[in-house]
Each structure stands twice: as structure tokens, then as C-alpha cells.
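Every letter in the sequence shown is one number past the one before it in the numbering used here, and letter 102, counting from 1, is 102.
First comes the structure, then the notes that go with it.
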Amino acid sequence: MSPTITKIESREFEYPLEDVGTDKHGFNLVYAPGETTTRKLFGVQIHTDEGITGEYVGGNSPAAAQYNIVSQYLIGKDPLKREKHWSECKRALRKYDRMGIGPIDIALWDFAGKYYDAPIHELLGTYRERIPAYASTYHGDDAGGLDSPEAFADFAEECRDEGFGGFKIHGWGGGDDSRSLDREVEAVHAVGEAVGDEMDLMHDPACELETFADALELGRALDEQDFFWYEDPFRDGGISQHAHKKLAQKLDTPILQTEHIRGLEIKSDFAASEATDFLRADPEYDAGITGAIKVARMAEAFGLDVEFHAPGPAQRHCIAACRNSNYYEMALVHPDCQNTQPPVYDGGYSDLMDAVDDDGTVSVPDGPGLGVEYDWDYIEDNTTGSVHVYE
């Protein structure tokens, strides 16, 4: 008989980040000595009558709100019918951004791997088992950390020495007084001159730039330093095909878009309209491992590469099963404060900087499912009180 889903649990918990705060507007995480920022995540468990539980820790509040819509549908269903469930949940969440599918789908893949006693990348089809990584920085600050072009250049050299093959700048933002295009341009040149001959360089303004003209000026600096890609530069929010096609026509640096649009169809529209040179995918954001792999295969059909957003075990399994992906994003990193990784992993899994070997790669978990062990005692001890059970 087929396995059956008997119960789904979603638990919100929090964890601290020391010496981390937010910028003036409260949106970007930045180095802030002496401050503590509390972050919230969700632990999802899909219980079955096999005694095997599919698990995933991640997500956000908007995604968790969508569990209420789809979880009841899954009770009593076969957890191995992921494609069917993906299709039904996609339709059910058609009025929303569908981010609620991601953590649920990842947990279903975790169940499948445990059920078949195989890591997820083997179920997808393994292409590789080590992945090149790039260092993806916190946003620039004014607190003595990444507070100048020279500081970014010094940190890029440190990351090079740690083995990273690439380095991505998240520049300054969060207030009109800190948004200086000149400083952004200077940082590009400082990093390029320091390590440009030894590392692939990327830049992600995170939609901070005010105008097309600003995006063009910064992009021309990237051209001069031969950057690997240019990501989400200006205030369209990363969604305008027309704007990014125009920008790409005027620059040599490849454009990387589609982190902030949801769904296979609109991402394929970006590729077809030549509005991006690389595609973005994220198993949390893009309807799970099922959705993210669809994006990767679509990109391959267009002859494009897909770069997966953010670190995590689900991302590692996806990249391990993709030929057309270049780097793993180790984020967020800083010379003076901790990575944003939650303290929920037992058994050695890590997305801290020292997880990168001397050859600049990270390993892919080889245990069943996601191949990680979660510290559910920590998650339960730090629960905020928001626990939902569907059965």
C-alpha cells in the first residue's frame, strides 16, 4: 500500500544574530556592533503512517500563512505524488505568490529520500557532489565593518584566501544619506583592482538604485572591471522585462534576474524576451525543489545558466543535479559578524564560511532526503507560540 500523510505541523521559532542590526529604513541586515537582531523561521514536519517524517526548516510568515490553504488538502494523500500535489497547490494559490508551496514541497522531497534511503540529488539525477561557492556579503554599513570601498576590497582578499572562487557585493542602502552612487562605483573599482584577476565578481544592489541612469552608471563600472554578473539593480523591484532588456543592451556585464518574480511561466518569459542572461531560482521561493528544478531545466532549454539564491541543503541538492549552474551562494558573510545561518543543524552541516574547502567548494549532503539532522529541541525551546497542526 502507498504511504499516507497523517499530520502536518508548522512551528514558528526565533533565533538571535549578534552584532547585526538593520539599516535606517529597517529593511537590510547590516553590521551593528553590540546590537542583536532576532530572526524568525518555520519548522515544517510532514508525518506519515510509515513512521517517516519529511522535514524542512526555513520559510517566512507570508509563506506560512499559505499553509492554511494547502495543508488540509494533503492530509490522507500519498506523499510520493509530489508532481500531482505541486499542480493542485499551484492552482489553489493562484491568487497569491505561491511561496507557501516551497517548504511543503521540500519536506515532501525529504520524505521521499528517507523512504527510498537516498539523497535527494540521487532522486533528481546526480551531476556532481561538490559545488563551487562564492562569498555573498552583508550590505555595506557605516559602523566600522564594510564601511568603505577599501573595506570591501580587503574582505574580498580575505575571501579569496579562504578559497572562494567568487565575491558578491551588496552595496549600501537604507536611507538617502547613505545611498551614494560614487561610493558604490568606488567599491566596484576597489574590489576589481584587488581580486578581479583571481575571482569572479558579482554585484547586487538589491533594487536600491533610484533610476535607470544610476543602474547604467554602476553597470559601466562593472564593465570596466569585467564583473561576472549584475543583479537586481534598480527600483522596478526586479520585475520589468523591458527595463532589463534595455539595460542589457547597453552593458557588457551579464544581467541576472528573476529572484523576485514567482513562477515558471514568467521566468521563461524573461528568458524568451532576452531580459536576463542568467536566471535565478530558489526552492523556497519558487514552489519547492519541484518548481526550482523546472526553472533549471527551462533555462537549459534556452541555453542559459541558472544561479540558485541563498544557501541551504535544498539548494545544494538542486545544484548537484544541474549541469547549468555555476556557483553556490554562501550568504550573508562579513569580516566582523556571523553568517545568518540558524543554529538548527546537528551532525555537522554548515553554511558558515569555514564550510568552504581550500578548493572553493562545498559538499552535497549524502544522507537520505535532505541529508541533514535538525535540532528540534532548539526549535521547540525557541518557539514563538505560533504552532499549527493539520490532521
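All C-beta atoms in this analysis are idealised placements derived from N, C-alpha and C, irrespective of residue type, glycine included.
Suppose contacts are defined by Cβ-Cβ distances below 8 Å. Is N339 in contact with V333 by that definition? It is a contact, given that the beta carbons lie within the stated cut-off.
Given 8 Å, three or more beta-carbon pairs between the region 64 to 82 and the region 263 to 278: With a cut-off of 8 Å, the region 263 to 278 and the region 64 to 82 do not count as touching, because too few Cβ pairs lie within range.
With a Cβ-Cβ cutoff of 8 Å, do D232 and Q257 count as a contact? In this structure, D232 places its C-beta atom within 8 Å of the C-beta atom of Q257.
Secondary structure at G369, three-state DSSP: helix, strand or coil? Correct three-state label for G369: strand.
For S331, which beta-bridge partners are listed by DSSP? What sits at residue 331 in the sequence shown is Ala, not Ser. Beta-bridge pairing links A331 to S136.
At which residues does the alpha helix (DSSP H) containing I379 begin and terminate? Start and end: 376 to 381.
Inter-residue spacing [alpha-carbon to alpha-carbon] between V346 and M99: Checking the sequence shown, residue 346 turns out to be Asp, not Val. Between D346 and M99, the C-alpha separation is close to 27 Å.
How long is the line joining the alpha carbons of F155 and P335, rounded to whole angstroms? Looking at the two C-alpha atoms, the distance is approximately 6 Å.
DSSP three-state label for Y67, please. The answer is helix: DSSP assigns Y67 an H, G or I state.
Which residue wins for smallest C-alpha separation from D110, given the options D375, G369, I261? Ranked by how close their Cα comes to the Cα of D110, the residues D375, G369, I261 have G369 in first place.
For a minimum of 4 consecutive residues, which ranges assigned as the alpha helix (DSSP H) are wholly contained in the region 217 to 260? As far as the region 217 to 260 is concerned, its whole alpha helix (DSSP H) runs of at least 4 residues are 241 to 250.
N- and C-terminal bounds of the alpha helix (DSSP H) containing S87: DSSP places S87 inside the alpha helix (DSSP H), whose first and last residues are 82 to 92.
Inter-stretch contact at 8 Å, needing at least 3 Cβ pairs: the region 101 to 109 / the region 54 to 71: Yes: the two stretches touch, three or more of their Cβ pairs being nearer than 8 Å.
My assumption, with CB atoms under 8 Å, is that G21 sits in contact with V30. Please give the rounded CB distance. About 6 Å; that satisfies the 8 Å criterion.
Give me the residue from W376, V344, A310 with the minimum Cα distance to A135. Of all alpha-carbon atoms in W376, V344, A310, the one lying nearest the alpha-carbon of A135 is that of A310.
Which value, in whole angstroms, describes the spacing of the CA atoms of H170 and A190? Cα-Cα distance, rounded: 14 Å.
How many Å lie between P254 and G165 at the Cα? Cα-Cα distance, rounded: 18 Å.
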